[in-house]
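Asker: Following the working numbering, the numbering of the sequence shown begins with 1 at its first residue and continues without gaps.
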Amino acid sequence: MELEAADLMSRKAAAMFAAGLPCGAEANMAKLLASEATWHAADSTLQTHGGFGYAREYDIERKWREVRFYQTAPISTNLILAFIAEHVLGLPRSY
Ligand SMILES: Cc1cc2nc3c(=O)[nH]c(=O)nc-3n(C[C@H](O)[C@H](O)[C@H](O)COP(=O)(O)OP(=O)(O)OC[C@H]3O[C@@H](n4cnc5c(N)ncnc54)[C@H](O)[C@@H]3O)c2cc1C
Numbered sequence: 001m002e003l004e005a006a007d008l009m010s011r012k013a014a015a016m017f018a019a020g021l022p023c024g025a026e027a028n029m030a031k032l033l034a035s036e037a038t039w040h041a042a043d044s045t046l047q048t049h050g051g052f053g054y055a056r057e058y059d060i061e062r063k064w065r066e067v068r069f070y071q072t073a074p075i076s077t078n079l080i081l082a083f084i085a086e087h088v089l090g091l092p093r094s095y
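1. Hey, Ala30 and Ala13: beta-carbon distance below 8 angstroms or not?
2. With a threshold of 7 angstroms (Cβ to nearest heavy atom), would Ala34 be considered close to ligand 1?
3. Excluding the five sequence neighbours on either side, which residues of its own chain have a C-beta within less than 7 angstroms of the C-beta of Ala58, listed in chain order?
4. Have a look at Leu32, Ala6, Leu8 and Glu4 and flag the residue whose alpha-carbon is nearest the alpha-carbon of Ile84.
5. By DSSP, does Ser10 sit in helix, in strand, or in coil?
6. Taking DSSP as the reference, what is the three-state secondary structure of Ala73?
7. Please tell me whether, using a cut-off of 7 angstroms, the distance from the CB of Ile84 to the nearest non-hydrogen atom of ligand 1 is below it.
8. Report the three-state DSSP secondary structure of Gly50 (helix, strand or coil).
9. Are the CB atoms of Ala34 and Ala15 nearer to each other than 8 angstroms?
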């Protein structure tokens, strides 16, 4: 469900960008949803493989570590939430 939501929002943002429409909110939401979906997918994969998830030759712990990166770069989850709060929800700037 999370992956589907991320995919749909990514396609919406891409379509808006291609049409020359403002798509900052949609692009930020797509990136946030995708970063969380990949993290949860990798975490489930690690759990499913038990102790073997930590064996380097399976490459699962590497993937688990790597997908966590998307909550930091190219833009962090905190800054996406700050953007949505200010530009989508109309809340005061928090920083
Ligand atoms: C492997 C790697 C490759 C990279 N490649 C590139 C690249 O090719 N090009 C490029 O331009 N950059 C690149 N970066 C940089 C990357 O974009 C930044 O690391 C990322 O934007 C986070 O910024 P920062 O590291 O300065 O962390 P900071 O901004 O110092 O953030 C540290 C923590 O504080 C939080 N935080 C920061 N500001 C706020 C706020 N206002 N409110 C609440 N929380 C806040 C963040 O969410 C985070 O948790 C790369 C980074 C890495 C690790």
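All residues carry an ideal CB built from backbone N, CA and C; glycine is no exception. Note that the coordinates shown come from a computational prediction; the quantities given were computed from them, not determined experimentally.
Answerer: Working from what's here:
1. Within the sequence shown, numbered from 1, the residue matching residue 30 stands at position 30. Within the sequence shown, numbered from 1, the residue matching residue 13 stands at position 13. Cβ atoms of Ala30 and Ala13: closer than 8 angstroms.
2. Here residue 34 refers to the residue found at position 34 when the sequence shown is read from its first residue. No - ligand 1 has no heavy atom lying nearer than 7 angstroms to the Cβ of Ala34.
3. Reading the sequence shown from its first residue, position 58 is the one you call residue 58. What sits at residue 58 in the sequence shown is Tyr, not Ala. Counting only Cβ-Cβ distances below 7 angstroms, and skipping sequence neighbours, we find His49 and Phe52.
4. Here residue 84 refers to the residue found at position 84 when the sequence shown is read from its first residue. Closest by C-alpha distance to Ile84, out of Leu32, Ala6, Leu8 and Glu4, is Leu32.
5. Locating residue 10 in the sequence shown gives position 10, where the first residue counts as 1. Note: Ser10 maps to helix in three-state DSSP.
6. What you label residue 73 is simply residue 73 of the sequence shown in a count that begins at 1. Reduced to three states, the DSSP call for Ala73 is coil.
7. Taking the sequence shown and counting its residues from 1, one reaches residue 84 at position 84. Flag unset: Cβ of Ile84 not near ligand 1.
8. Taking the sequence shown and counting its residues from 1, the one referred to as residue 50 is at position 50. Note: Gly50 maps to helix in three-state DSSP.
9. For the purposes of this step, residue 34 is taken as residue 34 along the sequence shown, with counting starting at 1. For the purposes of this step, residue 15 is taken as residue 15 along the sequence shown, with counting starting at 1. In this structure, Ala15 does not lie closer than 8 angstroms to Ala34 by Cβ.
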